[in-house]
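Below is one structure; the comments refer to it alone.
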Amino acid sequence: MELIIAIVVIVLLLFVLVGIYNRLVALRQNVNQGVADIDAQLRQRHDLIPNLVNTVKGYAGHEQETLEQVILARNTAAQGTINSQDEAQLRVALDRLLALGEAYPDLKASTNFQQLQHELSDVEDKLAAARRALNAAVSRYNTGRETFPAVLFAGSLGFQEADFHRLDDSEKGVVDQAPEVQF
50 MELIIAIVVI
60 VLLLFVLVGI
70 YNRLVALRQN
80 VNQGVADIDA
90 QLRQRHDLIP
100 NLVNTVKGYA
110 GHEQETLEQV
120 ILARNTAAQG
130 TINSQDEAQL
140 RVALDRLLAL
150 GEAYPDLKAS
160 TNFQQLQHEL
170 SDVEDKLAAA
180 RRALNAAVSR
190 YNTGRETFPA
200 VLFAGSLGFQ
210 EADFHRLDDS
220 EKGVVDQAPE
230 VQF
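Numbering-wise (the numbering used here), the sequence shown opens with residue 50 and increments by one.
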């Protein structure tokens, strides 16, 4: 009788452990998906910049310094480890570039410039949404990992805490392969 009770307890414990493991795997995959979504949006943003610079260059050729600042900021943001400071500098440089549309009515009226500006705005909206989704996924994962009884097994099963502010290596994608832009 004691043997049957011990076997039943061990089987129940195994079922609980498998359930915890599977739930944590699913939550971790949601975090990985969030990181991949951000990667896709960053790649799209970085791919739009050379087209935007070339469009502006045709209308405002003597704004060389602004164009060079955008390319420098883009290349810095696209190389190495992605961080929020580089992305913020890129955003400031892009704002300066887009402000040239006000100074050059022909540029502002250009359908190519308007389309690129709209696409960039759309990418920024999607990027913000992807970051919110990632933060929600990280929150769910960390909560799932820290609740009882998962907290008893999560560390030993290899589930480490996810960081809200760290950008994962996978976020680099092909962003670190900057396209060549010539003036």
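Every residue gets a Cβ at the ideal spot worked out from N, C-alpha and C, and that includes glycine.
Is the beta carbon of residue i sitting closer than 7 Å to the one on residue j?
| i | j | result |
| --- | --- | --- |
| A185 | D86 | no |
| V58 | A211 | no |
| Q118 | A142 | yes |
| L139 | A126 | yes |
| R194 | F208 | yes |
| G83 | L206 | no |
| V172 | Q93 | yes |
Of all the options the options, which has the alpha carbon lying nearest to the alpha carbon of residue i?
| i | options | result |
| --- | --- | --- |
| Q164 | L97, D88, V58, F202 | L97 |
| N100 | S170, E173, N161 | N161 |
| V65 | D135, V200, Y190, D144 | V200 |
| L146 | L76, L63, R94, L116 | L116 |
| V102 | R181, T192, D144 | D144 |
| F197 | M50, A55, L73 | L73 |
| N124 | K106, S133, V105, H95 | H95 |
Does DSSP put residue i in a helix, a strand or coil?
| i | result |
| --- | --- |
| Q128 | coil |
| Q231 | With a pLDDT of only 40 at Q231, under 50, the local geometry of the prediction cannot be trusted, and no value is derived from it. |
| M50 | coil |
| D225 | A caution first: D225 carries a pLDDT of 40, below 50, which makes its placement in the model unreliable, though a value can still be read off. It is coil, neither helix nor strand. |
Here's the rule: buried if 16 or more other CB atoms are within 10 angstroms of the residue's CB, otherwise exposed. What is residue i?
| i | result |
| --- | --- |
| Q90 | buried |
| P228 | Low confidence applies here, because P228 scores a pLDDT of 40, under 50, leaving its location unreliable and the question unanswered by this model. |
| A203 | buried |
| G150 | buried |
| R181 | exposed |
| L169 | buried |
| L121 | exposed |
Original post:
Which runs of the alpha helix (DSSP H), 4 residues or longer, sit entirely within the segment 146-217?
Top reply: 154-158, 160-195, 199-202
**OP:** Any chance you could list the alpha helix (DSSP H) runs of at least 4 consecutive residues sitting entirely within the segment 54-127, in chain order?
**Re:** 113-127
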